Amino acid sequence: MYIEKFFMKKALIKIEIKKKFKVLFDIKPYQHLSRTFLEKDLLETATLVTLESANILNWWRHGRVPGAPRLLPLATSGDGNCLPHAASLAAYGFHDRLLALRTKVQALLSGEGGEVLTNAIKRRWRWSESISLRSAGLTPSEAEWEREWAQCVTAASPEPARATPAAAPHYAALEHLHVFALAHVMRRPVIVFADVALRDFRGDPIAPIPFGGVYLPLELSPEACSKTPILLAYDAGHFSALVPCEPLPSDGARVPLEDSAGNPMPIRFNVDPGEDFPWDVEPDQKTINNILPDEYQRSAMLAAYLDLERIECISLNQPSEELRRSLDALSTKSSKQLNSVAKQFGSIGRSMSSKLKKNFGSMAKLAGGKSSGSHSNPEESLMRRQSTCEVLCCRVLAARAPVQEEMVKNYLNEAWIGYTAEKNRKEPVGPSQ
654 MYIEKFFMKK ALIKIEIKKK FKVLFDIKPY QHLSRTFLEK DLLETATLVT
704 LESANILNWW RHGRVPGAPR LLPLATSGDG NCLPHAASLA AYGFHDRLLA
754 LRTKVQALLS GEGGEVLTNA IKRRWRWSES ISLRSAGLTP SEAEWEREWA
804 QCVTAASPEP ARATPAAAPH YAALEHLHVF ALAHVMRRPV IVFADVALRD
854 FRGDPIAPIP FGGVYLPLEL SPEACSKTPI LLAYDAGHFS ALVPCEPLPS
904 DGARVPLEDS AGNPMPIRFN VDPGEDFPWD VEPDQKTINN ILPDEYQRSA
954 MLAAYLDLER IECISLNQPS EELRRSLDAL STKSSKQLNS VAKQFGSIGR
1004 SMSSKLKKNF GSMAKLAGGK SSGSHSNPEE SLMRRQSTCE VLCCRVLAAR
1054 APVQEEMVKN YLNEAWIGYT AEKNRKEPVG PSQ
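Everything in the sequence shown is counted per this note's numbering, starting at 654 for the first residue and increasing by one.
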């Protein structure tokens, strides 16, 4: 912990743009340590199992997309500051225990970075929320909008939400607006892999999840930003840093920007209606359609902030019976999502959850982005993926700085001590003589 805090003070006094992201060291050379022990200590195994089983994460593994490695979620502190923690782990290799990123996010939303930038982010947020709520018949007043924005700013406070002498500090949970703000603070795209809904033990959706997608620092010049994204996983109300495991291709790793059915990941907060937009006038559908970006404009956004590449997939050539089972499973999942999942739209939307769920289908169309399995026929999507075998990816460079080499060495020393102690506790004690 001491070493981590020392490096944090050195690295986070000033937040800099990094052109590479961190990787998990190759654990194969450390066979003296149990692989299970290392994975349990380093990874969010529950998140990995959940997202992989839902075909949201790592559907491209086993060589299906050449150059796309398996992404692993790192164990991340669950103290309410998991979003900055995860982003810091992905970028620098350690938690944001000094709350540097969280402080910067609140400063940005408070206008300390300039009113022009803050107001532009606020317009994008309000447009996204208002268009979504419109389908549910909700029209918040100006006072309600201001109150909601103030709550979002307050939620990003580095002050603990509750603090007692006997308990560790816990911070307010952050929302998708804060992910968008974080992309501007770090001057890097943020890509979040998440399901569209929280599910019960039967796999049925019980609460919407609006986090999955691509967050671009759209209010900053692309030339002032790094094209290497921060990769995050979101599951069960918790963010985790996503990193590949060494070794990686020399020319960088590829990360697919499409789901397993060929649908593009949505670009969050991709509309700024402009300073002169009349918020007091209810826009008609034609006005909305004219403002929403088309496919060409969305592609241009991605190309400006990410290093894009189309990768030809290795043909799956599934046997007909296996393909039929895949189609059936995909169709069932899509049907469940359409029938019972609604998107979440901040605290305003949460108060009207039943109405939002009822109108989920039409709201999704207005949002302008495709969620996994929400808009396309699953059979057509899978057959298209089988026939075209091409996927849009972003290329990311990965490296480990000397400071991380030292941290890995210290971690392995501590891990050996912990592993030995755990092994000794589990060994049966022989009968006394």
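Every residue, glycine too, gets a C-beta built ideally from N, C-alpha and C. Only a predicted model underlies this, so the values are computations on that prediction, with no experimental measurement involved.
Asked                                                                                                                                                                 : Found
Which whole-angstrom value describes the C-beta separation of Asp-960 and Cys-1047, a residue pair presumed to lie in contact below a C-beta threshold of 8 Å?        : 6 Å
By Cβ distance, which residues of its chain are closer than 6 Å to Thr-771, with the 5 residues on each side in sequence left out?                                    : Gly-764
If we count Cβ pairs, one from each stretch, closer than 8 Å, do we get three or more for the segment 718-731 versus the segment 787-801?                             : no
Select from Leu-955, Phe-922, Val-934 the residue whose C-alpha is nearest the C-alpha of Leu-945.                                                                    : Phe-922
Please go through the segment 713-744 and give each complete beta strand (DSSP E) segment of 3 or more residues, from N-terminal end onward.                          : 724-726
Under a Cβ-count criterion, where at least 16 other Cβ atoms within 10 Å of its own Cβ denotes burial, should Thr-912 be classed as buried or exposed?                : Per the sequence shown, the amino acid found at residue 912 is Asp instead of Thr. It counts as buried.
What are the start and end residues of the alpha helix (DSSP H) that includes Phe-833?                                                                                : 829-839
Three or more C-beta pairs under 8 Å: does that hold for the segment 752-759 against the segment 730-742?                                                             : yes
Quick one: what does DSSP say Pro-936 is sitting in, helix, strand or coil?                                                                                           : coil
Exposed or buried, which one is Glu-828 when buried takes at least 16 other CB atoms within 10 Å?                                                                     : buried
With distances taken from CA atoms, which of Leu-884, Leu-695, Asp-853, Leu-901 is nearest Leu-869?                                                                   : Leu-884
Please list the terminal residues of the continuous beta strand (DSSP E) segment that includes Leu-1045.                                                              : 1043-1049
Measure how close the beta-carbons of Glu-876 and Ile-774 come, nearest whole angstrom, since I'm counting them as under 8 Å.                                         : In fact, because the Cβ distance is near 20 Å, the residues do not count as touching under 8 Å.
Using only the alpha-carbon positions, how far apart do Ile-709 and Ala-808 sit?                                                                                      : 28 Å
Who does Pro-909 pair with in a DSSP beta bridge?                                                                                                                     : Cys-1046
Give the secondary structure of Gly-790 by DSSP, where H, G and I count as helix, E and B as strand, and everything else as coil.                                     : coil
Residue ranges of each alpha helix (DSSP H) run of no fewer than 4 residues wholly in the segment 764-816, ordered along the chain?                                   : 768-787, 795-808
Distance check for Leu-724 and Pro-842, CA to CA, integer angstroms please.                                                                                           : 17 Å
Quick check: the Cα distance between Pro-861 and Cys-966, rounded to an integer number of angstroms?                                                                  : 31 Å
Measure the C-alpha to C-alpha separation of Glu-1043 and Arg-963 and round it to an integer number of angstroms.                                                     : 7 Å
List the whole-angstrom C-beta distance separating Leu-742 from Leu-696, where the pair is believed to meet the contact cut-off of C-beta under 8 Å.                  : Between Leu-696 and Leu-742 the Cβ distance is about 12 Å, and since that is not below 8 Å, they are no contact.
Helix, strand or coil for Pro-861 per DSSP?                                                                                                                           : strand
Check this for me: beta carbons of Thr-729 and Phe-864, under 8 Å apart or not?                                                                                       : no
If we ignore side chains and look at the alpha-carbon of each, how far apart do Val-924 and Asn-711 end up?                                                           : 29 Å
Quick check on this structure: which residue in Pro-858, Pro-926, Pro-900 has the alpha carbon closest to the alpha carbon of Glu-782?                                : Pro-926
By the three-class DSSP mapping on this structure, what secondary structure does Arg-755 have?                                                                        : helix
Spatial neighbours of Arg-951 within its chain, please: CB distance less than 8 Å, with the 5 preceding and 5 following residues excluded, ordered by chain position. : Pro-917, Ile-920, Asn-923
Would you kindly work out how many angstroms separate the C-alpha atoms of Asn-942 and Trp-802, rounded to a whole number?                                            : 25 Å
Rounded to whole angstroms, what's the CA-CA distance from Leu-761 to Arg-840? Just pull it up for me.                                                                : 12 Å
Excluding five sequence neighbours on each side, which residues of the same chain lie with their C-beta closer than 6 Å to the C-beta of Lys-1079?                    : none
Indicate the three-state DSSP secondary structure (helix, strand or coil) for Ala-886 in the structure shown.                                                         : strand
Look at Val-1049 and Pro-882 and say whether their C-beta atoms are less than 8 Å apart.                                                                              : yes
Where does Gly-866 fall in DSSP's three states?                                                                                                                       : strand
Look at the alpha carbon of Val-867 and the alpha carbon of Asn-1077, and state the distance between them as a whole number of angstroms.                             : 46 Å
Check whether the Cβ atoms of Ala-886 and Thr-700 lie closer than 8 Å to each other.                                                                                  : yes
Using DSSP with H/G/I as helix, E/B as strand and the rest coil, what is Ala-847?                                                                                     : strand
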